[in-house]
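Colleague:
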Amino acid sequence: MKKLLITGGAGYIASHTNIELLSESYDLVIVDNLCNSTTEAIKRVQDIARKEVRFYEADIRDGKALGEVFEKEPNIDGVIHFAALKAVGESVEKPLKYYENNISGSLVLYQTMKKYGVKNIVFSSSATVYGDPASVPVDESFPIKATNPYGHTKTMMEQILMDTAHAENWNVVILRYFNPVGAHPSGRIGEDPEYPFNLLPFVSQVAAGLREKVIVFGDDWPTIDGTGVRDYIHVVDLAKAHVKAIEKLSSDRGVFVYNIGTGRGYSVLEMIKAFSKVCGHEVPYEVGPRRDGDVASVYGDPTKANKELGWQAELGLEEMVESAWNWQSKNPKGYRS
Ligand code: NAD
Ligand code: WQD
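Numbers given in the working numbering equal positions in the sequence shown, counted from 1, plus 22.
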């Protein structure tokens, strides 16, 4: 497999993945409507990799525009499908926006792939499909029971893909990411949220003095220190899992589902402490009430990905927080810096 279409290819995880793919000499065609990203990320990816990509500003829900991309770019071997809206809270407020973007977008993409005979796809799923698991670590056989509209869209996108794979003989790798964090070691590519809903971007902005303090969402959870525990995964490790997934599609046929996490969890207080160490001062925080819909502890069992993809996380907590701080310090206004 040489030529890949990357949907949502200007986004946070895709940018890191594109650097890894370019370093392996894949030919990349990027489609993004820039609803949550900028072309600056693409420029920087090209700079870092010293390779060019071809970028099409298009919405994957627009079948005509997507068809034109497939016409201009014949012989696409496979797709990595990152494009989606991902803010859990917003999905509760505006479910139709999420179903419309994520489901309609995926349907149009899958229909266009069928039309042009493209049968290989890696899909960005999420640990959110497991909802509040009965125990940890979570493996791929755990029941699927998402608890919010965003999670439902991921569940449905997985299901539609599996049904299509069955009917059309497609080869599919579904990657269920745990909590992606951190940034590229260059400090030029990273997460640039409009508002930091996730823990680490919030902690980074507090550490940088852009916000007053972190609010810890509850310290009465049944965990080591009472705060929520998650399986944080360095985005560069996550990016490398996509390269392995593409290699898997080159060598094996079928549908494969993998957890992509480290297999261990850290609490909110452990994350704040680790961040304080790398940024050189205490990151102020205050304990507040629990956040609606949160769960105590979620971390994955990545054994299947270790064995079948030959992938495992190599970067630890220190590299995660160090790289997040490096990105934050060098780009206080994200890609507008
Ligand atoms: P991101 O918002 O940075 O990237 C998504 C990209 O898709 C953006 O560039 C956005 O502009 C684009 N996009 C959205 N809708 C589109 C559409 N209709 N047409 C064309 N482009 C569109 O998010 P990310 O964190 O890089 O996430 C990438 C994928 O990974 C998403 O599918 C997300 O659900 C999934 N995921 C993310 C996390 C996380 O915590 N970041 C965890 C698990 C899974
Ligand atoms: C982590 C921990 C919070 C912010 C979400 C999505 C999930 C996936 C990854 C896409 C929790 C606590 C957070 C803050 C806090 N995304 N926290 N103060 O909720 O595990 O997962 O992102 O697929 O679907 O739900 O990540 O980073 O929001 O929270 O105390 O200001 O930090 O309670 O324990 P979460 P998160």
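Every residue, glycine too, gets a C-beta built ideally from N, C-alpha and C. Because the structure is a prediction, the values reported are computed rather than measured.
Quick check: does the Cβ of L222 come within less than 8 Å of any heavy atom belonging to the ligand WQD?
Modeller: Position 200 of the sequence shown, counted from the first residue, corresponds to residue 222. Indeed, a heavy atom of the ligand WQD lies less than 8 Å from the Cβ.
Colleague: Find the nearest neighbour of E46 within the set H264, A189 and L291, judged by alpha-carbon distance.
Modeller: Position 24 of the sequence shown, counted from the first residue, corresponds to residue 46. Cα-wise, what sits closest to E46 is H264.
Colleague: Relative to the C-alpha of E90, which candidate in S148, L27 and A63 has its C-alpha closest?
Modeller: The count along the sequence shown starts at 1 and reaches residue 90 at position 68. Per the Cα distances, L27.
Colleague: Within 10 angstroms of its Cβ, does K355 collect 16 or more other Cβ (buried), or is it exposed?
Modeller: Position 333 of the sequence shown, counted from the start, is the residue given in the question as residue 355. When all chains shown are included, K355 counts as exposed.
Colleague: Run the CB neighbour count on D185, radius 10 Å, all protein chains shown included, and call it buried at 16 or more, exposed below.
Modeller: In the sequence shown, residue 185 corresponds to position 163, counting from 1. Exposed, since its Cβ has fewer than 16 Cβ neighbours within 10 Å.
Colleague: Verify the contact flag: N58, CB atom, against every heavy atom of the ligand WQD, threshold strictly below 8 Å.
Modeller: Translated into the one-based positions of the sequence shown, residue 58 becomes position 36. It does not: the Cβ of N58 is nowhere closer than 8 Å to a heavy atom of the ligand WQD.
Colleague: According to DSSP, which residues form a beta bridge with S148?
Modeller: The residue you call residue 148 lines up with position 126 of the sequence shown. Per DSSP, Y199.
Colleague: Any chance the segment 217-224 sits against the segment 279-289, with 3 or more Cβ pairs inside 8 Å?
Modeller: no
Colleague: Do you know offhand how far A156's Cα is from A105's?
Modeller: As a working mapping, residue 156 is identified with position 134 in the sequence shown. As a working mapping, residue 105 is identified with position 83 in the sequence shown. Their backbone Cα atoms lie some 30 Å apart in a straight line.
Colleague: Check this for me: beta carbons of S359 and R252, under 9 Å apart or not?
Modeller: Here residue 359 is taken as the residue at index 337 of the sequence shown, counted from 1. Here residue 252 is taken as the residue at index 230 of the sequence shown, counted from 1. No, the Cβ-Cβ distance between S359 and R252 is not below 9 Å.
Colleague: Tell me which same chain residues have a C-beta within less than 7 Å of the C-beta of M342, skipping the five on either side of it?
Modeller: As a working mapping, residue 342 is identified with position 320 in the sequence shown. Around M342: V203, G204, Y254 and H256.
Colleague: Comparing the CB of A346 with every heavy atom of the ligand NAD, is any distance shorter than 8 Å?
Modeller: Sequence index remark: in the sequence shown, residue 346 carries index 324 (1-based). No, since every heavy atom of the ligand NAD falls outside the 8 Å radius drawn around the Cβ of A346.
Colleague: Could you have a look at N281 and say whether DSSP puts it in helix, strand or coil?
Modeller: For this step, residue 281 is matched to residue 259 along the sequence shown. If DSSP states are grouped into helix, strand and coil, N281 belongs with the strands.
Colleague: Run the CB neighbour count on G127, radius 10 Å, all protein chains shown included, and call it buried at 16 or more, exposed below.
Modeller: As a working note, residue 127 is residue 105 in the sequence shown. Around the beta carbon of G127, 16 or more other beta carbons sit within 10 angstroms, so the residue counts as buried.
Colleague: CB D242 to CB R313, shorter than 9 Å?
Modeller: Here residue 242 refers to the residue found at position 220 of the sequence shown. Here residue 313 refers to the residue found at position 291 of the sequence shown. It is not a contact, given that the beta carbons lie outside the stated cut-off.
Colleague: By DSSP, does K235 sit in helix, in strand, or in coil?
Modeller: By 1-based counting over the sequence shown, the position of residue 235 is 213. In the structure shown, K235 sits in coil (DSSP, three-state: anything other than H, G, I, E or B).
Colleague: Evaluate N191 with the Cβ neighbour count: other Cβ atoms within 10 Å of its Cβ, from every protein chain shown; 16 or more gives buried, anything less gives exposed.
Modeller: Sequence index remark: in the sequence shown, residue 191 carries index 169 (1-based). Its Cβ having fewer than 16 others within 10 Å, N191 is exposed.
Colleague: Is it buried or exposed, A189, if we count other Cβ atoms within 10 angstroms and call 16 or more buried?
Modeller: On the sequence shown, residue 189 is found 167 positions in, with the first residue counted as 1. Taking all protein chains shown into account, A189 has fewer than 16 neighbouring C-beta atoms within 10 Å of its C-beta and is therefore exposed.
Colleague: Is G338 helix, strand or coil when you go by DSSP?
Modeller: Here residue 338 corresponds to residue number 316 of the sequence shown, with the count starting at 1. G338: coil per DSSP, three-state reduction.
Colleague: Identify the residues that DSSP records as bridge partners of T29: which are they?
Modeller: Numbered from its first residue, the sequence shown carries residue 29 at position 7. Partner(s): V53 and H103.
Colleague: For P83, is the beta carbon positioned less than 8 Å from some heavy atom of the ligand NAD?
Modeller: Translated into positions along the sequence shown, residue 83 becomes position 61. Just to set this straight, residue 83 is Arg in the shown sequence, not Pro. Yes, since a heavy atom of the ligand NAD falls inside the 8 Å radius drawn around the Cβ of R83.
Colleague: Just to confirm, is the Cβ distance from H38 to I196 under 9 Å?
Modeller: For the purposes of this step, residue 38 is identified with residue 16 of the sequence shown, where counting begins at 1. For the purposes of this step, residue 196 is identified with residue 174 of the sequence shown, where counting begins at 1. The answer is no: Cβ separation not under 9 Å.
Colleague: Between N348 and I282, what straight-line distance do the alpha-carbon atoms span, to the nearest angstrom?
Modeller: Indexing the sequence shown from 1 puts residue 348 at position 326. Indexing the sequence shown from 1 puts residue 282 at position 260. C-alpha separation (whole angstroms): 24 Å.
Colleague: When the Cα atoms are used, what is the spatial distance from D316 to Q181?
Modeller: One-based indexing of the sequence shown puts residue 316 at position 294. One-based indexing of the sequence shown puts residue 181 at position 159. Each residue's Cα considered, the two are about 25 Å apart.
Colleague: Mind checking whether V101 and L131 have CB atoms under 9 Å apart?
Modeller: Against the sequence shown, residue 101 aligns to sequence position 79. Against the sequence shown, residue 131 aligns to sequence position 109. Yes, the Cβ-Cβ distance between V101 and L131 is below 9 Å.
Colleague: Does P163 pass the burial test, meaning 16 or more other C-beta atoms within 10 Å, or should it be called exposed?
Modeller: Within the sequence shown, numbered from 1, the residue matching residue 163 stands at position 141. Per the sequence shown, residue 163 should be read as Ser rather than Pro. S163 is exposed by the Cβ-count criterion.
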